[in-house]
Amino acid sequence: AQSVTQLGSHVSVSEGALVLLRCNYSSSVPPYLFWYVQYPNQGLQLLLKYTTGATLVKGINGFEAEFKKSETSFHLTKPSAHMSDAAEYFCAVSTANTGNQFYFGTGTSLTVIP
Amino acid sequence: SAVISQKPSRDICQRGTSLTIQCQVDSQVTMMFWYRQQPGQSLTLIATANQGSEATYESGFVIDKFPISRPNLTFSTLTVSNMSPEDSSIYLCSTSQGNTEAFFGQGTRLTVV
């Protein structure tokens, strides 16, 4: 079975500071990993994904994440936070044998302090 | 990619009534998914809807409460029946491109009073 754990339901950073949102996964087969962002009153938007190949993936809005198999992690980072980054962030996993189903973490709410 | 239009975007309903949420995809897709996102929580899969067959419900969700239609490869509806305040949530329609990406509608914010 697949599952995702996001450490920290709420994270606050100052504008211009590093953003680090943590995600660990559990999967018995090679995972596909995703980060989605949800702005208030909107659906989910894909930030970035890892399927195969390079383990450091870059996404939109300056975000990136690194797949570390040995640590079963896929943490999301951004060097410098902007006020517009304030949103809910969800890590998700799927695999080739989950029938197109995605499993989501509980989400991390990011607050950016001016 | 797939663009999903979902409506209504929000509604306030009386308890005991039903609400049908519509989801339209701009391309033909095999599988569509319905999620519930309760306040402050993550997404919980309600059911998977395949065209031409009964929807597959996850544990804790039943067809009588959440009937789903899937009349063709671009459209699906979810009905929340006999609503109570506990049904107040965001309901999200989704489809996926294999296992490599999931696409979401804008969500329906339901408040039951």
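Chains as they are written, first to last, in our numbering: chain A, 1117 to 1230; chain B, 18 to 130. Glycine included, C-beta positions come from ideal geometry on N, C-alpha and C.
Beta bridge pairing from DSSP links Ser22/B with Gln41/B.
Segment contact: the region 1133 to 1146 of chain A against the region 1190 to 1199 of chain A, three or more CB-CB distances shorter than 8 Å; contact assigned.
Secondary structure of Ile63/B (DSSP, three-state): strand. Taking 8 Å as the CB threshold, Leu60/B lines the interface with chain A. Here the C-alpha atom of Tyr1219/A lies approximately 15 Å from the C-alpha atom of Val1153/A. Put simply, the backbone Cα of Gly1178/A is about 14 Å away from that of Gln1161/A.
Between the alpha carbons of Leu1172/A and Ser1142/A lies a distance of about 19 Å. Among the bridge pairs identified by DSSP, Thr1224/A is matched with Tyr1205/A.
For Met100/B, the three-state secondary structure derived from DSSP is coil. Scanning chain B for C-beta atoms nearer than 7 Å to the C-beta of Thr1222/A yields Gln58 and Ser59, reported in chain order. Neighbours of Leu109/B across chain A, judged by C-beta separation under 9 Å: Gly1159 and Leu1160.
Ranked by Cα distance from Thr34/B, the options Val42/B, Met49/B, Lys82/B and Gln54/B are led by Lys82/B. Within 7 Å of the CB of Gly122/B, the CB atoms of chain A belong to Gly1159, in sequence order along the chain.
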